[in-house]
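S.K.:
Residue numbers (the UniProt record's numbering): 1 to 339.
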């Protein structure tokens, strides 16, 4: 039996980080976390609270919602989908080259340069006329969303950069609250599938040591949002490792899609190559899994200097300290045991 209660988007008071058409003096964002000593300020900053608020808001929005769910595709959302499709087309036009090394195909650098050459027009196409000046602040987030062209790697920091790009579009008013579901199940899912293609096509190395984040070599957020999707469904956590479940639901839920992808790129039983995921299957409810993964993300990704040192801050995202007494946003998820 599924979890008893699902808090809908309309019931939720939590909003994505979007002040009403706030005025920004757009600048090229800069790295501001330059030593481990700066991490304390980061974890108490407006940007950090914006991020957790956005992640939590999306969790509430997509509870029980399949990737196949019909939703409104606004013009800005469609432009984001078009942007990702154009980047994928560039990758199709840039096949991997024959080389002695198995990993890190140097054709990725060619694709990255093509992306860099086109990024200004791609980002401008997403923005309405009254927001075009934001392009200089948004471009660096996109440039860091698909991997590092020098190391030919990809990891959770690049995923985070794309999330900052999406949050920025909410904050400057290009995206609205009503776009949240489509951004999660259409835009982010398309991004996820595209970076998987980059990983496979160009044999990208995981950024950082393998297994550091415990769940996956490359991603983290689709596990959080994917577990939220499964709240209120008939799929019990213990079932997600079963081949029948993976085959039936891999195109409907991000979490199952992640398991399917891992099973494709790794050999052996999931308990051997992904022990942390295997242990999650014993948790009794998806709401507990989701809240636990958010805490794990804060500890294993957002508190790690090697990841956060690459984050960029400008007029949209600030390291200014949050007001004293402000509580860190947490999602209100479906309650009740998952039986």
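Just so it is clear, CB atoms sit at the ideal spot from N, CA and C, and this is done for glycine as well.
#1: List in chain order: all unbroken beta strand (DSSP E) runs of 3+ residues lying wholly within the stretch 132-196.
#2: Quick one: what's got a C-beta closer than 8 Å to residue 97's C-beta in the same chain, skipping five residues either side?
#3: Skipping 5 residues on each side, what residues in its chain have a beta carbon closer than 8 Å to that of residue 224?
#4: Less than 8 Å between C-beta atoms, sequence neighbours within five positions excluded: which residues of the same chain meet that for residue 187?
#5: From the DSSP output, in three-state form, read off residue 103 for me.
#6: Does DSSP put residue 31 in a helix, in a strand, or in coil?
#7: Are the beta-carbon atoms of residue 137 and residue 314 separated by less than 8 Å?
#8: If we count the other Cβ atoms within 10 Å of its Cβ and call it buried at 16 or more, is residue 325 buried or exposed?
#9: Who does residue 312 pair with in a DSSP beta bridge?
#10: Please say whether residue 198 and residue 147 have beta carbons closer to each other than 8 Å?
#11: Could you check whether residue 131 and residue 183 sit closer than 8 Å to each other, using their CB atoms as the reference points?
#12: Tell me the DSSP secondary structure of residue 243 in three-state form.
#13: Closest to residue 228 by CA distance: which of 99, 95, 255 is it?
#14: Given 8 Å as the limit, is there contact between the stretch 25-43 and the stretch 148-155, that is, 3 or more CB pairs closer than that?
M.R.: To lay it out plainly:
#1: Within the stretch 132-196, no run of beta strand (DSSP E) at least 3 residues long lies entirely inside it.
#2: Answer for residue 97: 105, 106, 107, listed in chain order.
#3: So the qualifying residues of the chain are 55, 59, 290, 293, 294, 297.
#4: Closer than 8 Å at the Cβ level, and outside the excluded window around residue 187, lie 77, 80, 81, 84, 166.
#5: Residue 103 falls in the coil class under three-state DSSP.
#6: Residue 31 falls in the strand class under three-state DSSP.
#7: Result yes, Cβ atoms of residue 137 and residue 314 sit closer than 8 Å.
#8: Classification of residue 325: exposed, given that the 10 Å Cβ count is below 16.
#9: Answer is 31, bridged to residue 312.
#10: For residue 147 and residue 198, yes; Cβs fall inside 8 Å.
#11: For the 8 Å CB-CB criterion, residue 183 and residue 131 do not form a contact.
#12: The answer is helix: DSSP assigns residue 243 an H, G or I state.
#13: Residue 228 has its Cα closest to that of 255, out of 99, 95, 255.
#14: No: the two stretches stay apart, fewer than three of their Cβ pairs being nearer than 8 Å.
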